[in-house]
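> Mind having a look at this structure? Questions to follow.
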Amino acid sequence: MVMTATRTEQSGAVRPTLVDGDIHTTFASSAVVKKYLAKRWHDYHDQYARWGYDGSNYPKDGLNGGSRGDSVPPEGGPPGSSLPFLREQLLDEWGIDLAINNPLGHSQKNRHPDYLAALCSATNDWQLAEWSEPEPRIKASITVPSDYGELAAQEIDRLGPNPSYVQVLMSIRTAEPLGRPRYWPIYEASERHGLPIGIHFGGHSGHPITGTGWPSYYYEYHSGMSQSFQSQVVSLIYEGVFERFPNLKMVMIEGGFAWLPPLTWRLDSHWKRLRRDLPHLKRLPSETIRDHIWLTTQPIEEPHRPEHFAELLEQGNLYDRLMFATDYPHWDFDAPSDVLPKIALPDGFEQKLMFGTALSFYRLPEVSA
Amino acid sequence: MPNQQVIDSDIHCNVPNVRVLFPYLSQYWRDTIEQTGFNGATDTAYPAGAALSAKPGTKPEDGPAGSSLELLRSQVLDANDVEYAILNCAYAVDGIRNPYGAAAMASAVNDWLIAEWLEKEPRLRASLVIPSQYPDLAVKEIDRVGDHPGFVQVFLAGRSEHPYGNRRYFPIFEAVMKHNLVAGIQFGGAPGTPPTASGWPTYYAEEAVGMAHIFQSQLTSLISEGTFAEFPDLRLTMVEGGWTWLPSLMWRLDKNWKALRREIPWTVQAPSEYIREHVRFTTQPIDAPENPKHLRQIVDQLGSDELLMYSTDYPHWHADDTDGRLPIDLPADRCQKIMSENARAWYRLG
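Line order of the protein sequences matches chains A and B. Letter 72 of the first sequence, counting from 1, is numbered 72 in the numbering used here, and no numbers are missing. Count along the second sequence from 1, then add 1000; that gives the number in the numbering used here.
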């Protein structure tokens, strides 16, 4: 069911009823990048923009590196590079009131930390100028050179006070597990500005993309993302990140969520057995997870028997921790109209999923002009 | 439950020190151990002293937990009235770089398993260890001892340098098939590569919890590379890796298979079908949710009563309430399959 926003008669203000937790925009061309990139890096960008970590060569399904066949803008350019077309094909088509913009591929795809920092700054300025300012339904993310905590914190401090940015964005496959101290400056800065952190599918920092070496196929690259999410939750919890940064909130984006309840049970049982090694943890992992970790839906779980979906929600008590997302323009897009299985779910759950949880998580206005 | 039959699909023994292997090593390797820094396998997925490594009371006076057949008899085989038990020795030959050293130590461990455990205790069956990092040498070892009636399984350490579906490992599975053995992927491994896609974690607890994700990656690999299509009679046991995560993995793999199968055209069945046909899971650690109803839901979501095989994982210390019984609320007939009959059929025990 698509819910349409209600426009109040007097003021024309809108009560959002559909929030998309994960959309992707991209630079139309290198010329656009350079419009926002510091001059110092233009030459480097021309020569070495794609010189990063090798090994992760998994040709993606879908056009232009993983996008929907119908998402190429009529005026040309890659999918997700045209605001008019994104408005037409996503926001207006589905009645999306607010969307979280997650531009990918700028935080880790090179070995030079200062270039990454400059590229992230360019991406962030471009998001504001070309997306969020002309289209207020689109909310920006602060992309950061995520494997370099201090540089990332500087960028968060630069943009954190601007309310157009609603989160800090990182990718799941970082150079070290996310609980390690190199990332703490990011958490500290995010907490300082009251920003949640979105951890998105993807990324590459030079390691094999599983804990047991390189797989061969994109199928594994994609399916294996849920193991990466699990590893990172383990690190965040057992390193005590949320005890160190008690106001920090995170959302796991595009990782699925069915893995979370069994992982939570395993974290609890191993914590009970090994807690002598983890004296810095004062709380049960499941309690910490419940207070600090949210998830987006796409790619939504599709159990063979739909009633298992209801069991999954109950097992993880996930009712107010899931946020709907389309992942536009990527090939595995989830449409708002049929994201949930056709079974009875608790009253109010669909509203929380489609907008309520996101509005409060991102502190978005419940009524906007 | 009176008269319930019990087959314990995962118990462990430990090589107490490298010298017990001397009778099974050539003069060359004995000299090497005496005169150089080579000391056999030194890596271990079970740090001595870690609470998971040994349940209190399992350590004999003169060696590490799992090194005494007498204790194993009294604490597991007799105590739980076990009909058969599958003995796994996590001696990390896969972490030995010298290929011939790895092969020699694997042979020694296997001969030691035969002489010191299998020949002394008829209730035991065992996994043979192999230098899996060198598939040609691994095949030789499987050919050498694979027909011994005590060996029912080939030990594959959970963490490997490459995922096991990779075709460089096909010869190992071919040898497993040739000798009518089961391939058993087990907790642990010492490949020298990080145990997560994001590098090395800080705490042992992270690695221990993360082992479940290694099993998930291995299963994904075996399905997508077509290992089960290549070896249609292959039996694979996931030992000590948990299983409450299995429904979620099957959903994800099936969903992605629908969309991406043209990349892996040899995968002609849904991944969940390959899993139900070719893969079994030992029960410990269960990592049970607080609410028993949720555990029962997970068991039902597996979609088959044949996937689980009871284990204590002795002497490793997980739950306290699993000795000789299954802590899952199931009717007696379903319970009995998990307690003994699934393993009996899988390992072709009498």
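Even glycine gets a Cβ: it sits at the ideal position worked out from N, Cα and C.
Using the three-state DSSP reduction, which class does residue 371 of chain A fall into: helix, strand or coil?
In the structure displayed, chain A extends from 1 to 369; residue 371 of chain A sits before or after that span and is not available.
> Checking the sheet assignment: what are the DSSP bridge partners for residue 1153 of chain B?
Within the second sequence, numbered from 1, the residue matching residue 1153 of chain B stands at position 153. DSSP, once it has assigned bridges, lists B/1127 and B/1182 as partnering residue 1153 of chain B.
> Helix, strand or coil, according to DSSP, for residue 167 of chain A in the structure here?
To locate residue 167 of chain A, count along the first sequence from 1; it is residue 167. Here residue 167 of chain A sits in strand by DSSP.
> To which residues of the same chain is residue 271 of chain A closer than 8 angstroms at the C-beta, ignoring the five residues directly before and after it?
Taking the first residue of the first sequence as position 1, residue 271 of chain A is located at position 271. The answer, listed in chain order, is 238, 278, 281, 284 and 285.
> How many Å lie between residue 255 of chain A and residue 163 of chain A at the Cα?
Within the first sequence, numbered from 1, the residue matching residue 255 of chain A stands at position 255. Within the first sequence, numbered from 1, the residue matching residue 163 of chain A stands at position 163. Cα to Cα, the separation comes out at about 26 angstroms.
> In chain B, which residues lie with their C-beta within 7 angstroms of the C-beta of residue 209 of chain A?
Translated into the one-based positions of the first sequence, residue 209 of chain A becomes position 209. Neighbours of residue 209 of chain A on chain B, chain order: 1197.
> Helix, strand or coil for residue 206 of chain A per DSSP?
For the purposes of this step, residue 206 of chain A is taken as residue 206 along the first sequence, with counting starting at 1. In this structure, residue 206 of chain A counts as coil in the three-state DSSP scheme.
> Could you tell me which chain A residues have their CB closer than 8 angstroms to the CB of residue 991 of chain B, listed as they occur along the chain?
Residue 991 of chain B lies beyond the residue range present for chain B, which begins at 1001 and ends at 1350; the question has no answer from this structure.
> Determine whether the Cβ of residue 345 of chain A lies closer than 9 angstroms to any Cβ atom of chain B.
Here residue 345 of chain A corresponds to residue number 345 of the first sequence, with the count starting at 1. Chain B has no Cβ within less than 9 angstroms of the Cβ of residue 345 of chain A.
> Skipping 5 residues on each side, what residues in its chain have a beta carbon closer than 7 angstroms to that of residue 1025 of chain B?
Along the second sequence, one-based indexing puts residue 1025 of chain B at 25. Hits under 7 angstroms: 1104 and 1108.
> Counting only the same chain and skipping the five closest in sequence on each side, list residues whose C-beta sits under 8 angstroms from that of residue 291 of chain A.
Counting from 1 along the first sequence, the entry for residue 291 of chain A is found at position 291. Within the same chain, residue 291 of chain A has close Cβ partners 242.
> Where do the N-terminal and C-terminal ends of the beta strand (DSSP E) with residue 1008 of chain B fall, by residue?
Numbered from its first residue, the second sequence carries residue 1008 of chain B at position 8. Its beta strand (DSSP E) spans residues 1006-1013.
> Quick one: which unbroken beta strand (DSSP E) runs of 3-plus residues sit fully inside the region 221-305 of chain A? Chain order, please.
250-253 and 293-296
> Count the C-beta pairs between the region 41-59 of chain A and the region 125-135 of chain A that are closer than 8 angstroms, then say yes if the count reaches three, no if not.
Touching, no, given that fewer than three Cβ pairs across the two stretches are closer than 8 angstroms.
> Taking the DSSP output, what are the residues bridged to residue 63 of chain A?
As a first step, residue 63 of chain A must be located in the first sequence, where it is residue number 63. In DSSP, residue 63 of chain A forms a bridge with A/67.
> As a quick exercise: from B/1345, B/1316, B/1038 and B/1322, pick the residue whose alpha carbon is nearest that of residue 1187 of chain B.
Within the second sequence, residue 1187 of chain B is the residue found at index 187, counting from 1. The shortest C-alpha separation from residue 1187 of chain B is found at B/1316.
> Below 8 angstroms, how does it come out for the region 1032-1042 of chain B and the region 1296-1304 of chain B: are there three or more Cβ pairs, yes or no?
no
> Roughly how many angstroms lie between the CA atoms of residue 1279 of chain B and residue 1344 of chain B, to the nearest whole one?
The residue you call residue 1279 of chain B lines up with position 279 of the second sequence. The residue you call residue 1344 of chain B lines up with position 344 of the second sequence. Cα to Cα, residue 1279 of chain B sits roughly 14 angstroms from residue 1344 of chain B.
> Rounded to whole angstroms, what is the Cα-Cα separation between residue 1066 of chain B and residue 274 of chain A?
As a position in the second sequence, residue 1066 of chain B is number 66, starting the count at 1. As a position in the first sequence, residue 274 of chain A is number 274, starting the count at 1. Computed Cα separation, rounded: 20 angstroms.
> Report the CB separation of residue 328 of chain A from residue 24 of chain A in whole angstroms; it is logged as a contact under 8 angstroms.
Position 328 of the first sequence, counted from the start, is the residue given in the question as residue 328 of chain A. Position 24 of the first sequence, counted from the start, is the residue given in the question as residue 24 of chain A. Taking 8 angstroms as the upper bound for CB-CB distance, residue 328 of chain A and residue 24 of chain A are in contact here, some 7 angstroms apart.
> Could you pull out every residue in the same chain whose Cβ sits closer than 6 angstroms to the Cβ of residue 1254 of chain B, ignoring the five residues on either side in sequence?
Counting from 1 along the second sequence, the entry for residue 1254 of chain B is found at position 254. Result list for residue 1254 of chain B: 1270, 1271 and 1272, in chain order.
> Taking residue 1296 of chain B as the query, report the chain A residues whose CB atoms sit under 8 angstroms from its CB, ordered along the chain.
Counted from its first residue, the second sequence places residue 1296 of chain B at position 296. Correct list: empty, because the minimum Cβ distance to chain A is about 10 angstroms.
> Using CA atoms only, rank isn't needed, just tell me which of B/1097, B/1189 and B/1151 is closest to residue 1137 of chain B.
Along the second sequence, one-based indexing puts residue 1137 of chain B at 137. Here the closest residue by C-alpha is B/1097.
> If you compare alpha carbons, which of B/1164, B/1198 and B/1206 is closest to residue 204 of chain A?
The residue you call residue 204 of chain A lines up with position 204 of the first sequence. Closest by alpha carbon: B/1198.
> Name, please, each residue of chain B whose Cβ falls closer than 9 angstroms to the Cβ of residue 61 of chain A.
Here residue 61 of chain A refers to the residue found at position 61 of the first sequence. In chain order: 1259, 1260, 1262 and 1263.
> Sorted by chain position, which residues of the same chain lie with C-beta nearer than 8 angstroms to residue 200 of chain A's C-beta, five sequence neighbours on each side aside?
Along the first sequence, read from residue 1 onward, the residue named residue 200 of chain A stands at position 200. If we look at residue 200 of chain A and ignore the five residues flanking it on each side, its Cβ neighbours are 22, 102, 104, 169, 170, 171, 172, 253 and 254.
> For residue 1155 of chain B and residue 88 of chain A, I'd like the C-alpha separation in whole angstroms.
Within the second sequence, residue 1155 of chain B is the residue found at index 155, counting from 1. Within the first sequence, residue 88 of chain A is the residue found at index 88, counting from 1. For residue 1155 of chain B and residue 88 of chain A, the distance between alpha carbons rounds to 56 angstroms.
> Return the first residue and the last residue of the alpha helix (DSSP H) that residue 149 of chain A is part of.
The count along the first sequence starts at 1 and reaches residue 149 of chain A at position 149. From DSSP, the alpha helix (DSSP H) with residue 149 of chain A extends over 149-159.
> Can you pull the chain B neighbours of residue 212 of chain A, defined as C-beta to C-beta under 7 angstroms?
Start at 1 with the first residue of the first sequence, and residue 212 of chain A comes out as number 212. Result: 1159, 1160, 1163, 1214, 1217 and 1218.
> Among the residues of its own chain, which have a CB less than 8 angstroms from the CB of residue 113 of chain A, if the five just before and after it don't count?
Position 113 of the first sequence holds residue 113 of chain A. Closer than 8 angstroms at Cβ, skipping near neighbours: 145, 147, 148 and 151.
> Between the alpha carbons of residue 1259 of chain B and residue 221 of chain A, how many angstroms are there, rounded?
Your numbering for residue 1259 of chain B matches position 259 in the second sequence. Your numbering for residue 221 of chain A matches position 221 in the first sequence. Going by the C-alpha atoms only, they are around 14 angstroms apart.
> For residue 1325 of chain B, does the three-state DSSP call read helix, strand or coil?
As a first step, residue 1325 of chain B is located in the second sequence; it is residue number 325 there, counting from the start. Three-state DSSP puts residue 1325 of chain B in coil, outside helix and strand.
> How would you list, in chain order, the residues of chain B whose beta-carbon sits under 7 angstroms from the beta-carbon of residue 149 of chain A?
The count along the first sequence starts at 1 and reaches residue 149 of chain A at position 149. Going along chain B, no residue has its Cβ under 7 angstroms from residue 149 of chain A, so there is no contact; the nearest lies around 14 angstroms.
> Going by alpha carbons, who is nearest to residue 64 of chain A out of A/58, A/72 and A/57?
One-based indexing of the first sequence puts residue 64 of chain A at position 64. Closest by alpha carbon: A/72.
> Tell me the rounded alpha-carbon separation between residue 1054 of chain B and residue 1165 of chain B.
The residue you call residue 1054 of chain B lines up with position 54 of the second sequence. The residue you call residue 1165 of chain B lines up with position 165 of the second sequence. Residue 1054 of chain B and residue 1165 of chain B: Cα-Cα distance of roughly 32 angstroms.
> For the putative contact between residue 167 of chain A and residue 141 of chain A, defined by C-beta atoms under 8 angstroms, what is the C-beta separation to the nearest angstrom?
Stepping through the first sequence from its first residue, residue 167 of chain A is reached at position 167. Stepping through the first sequence from its first residue, residue 141 of chain A is reached at position 141. At roughly 5 angstroms, the Cβ-Cβ gap stays under 8 angstroms, so residue 167 of chain A and residue 141 of chain A are in contact.
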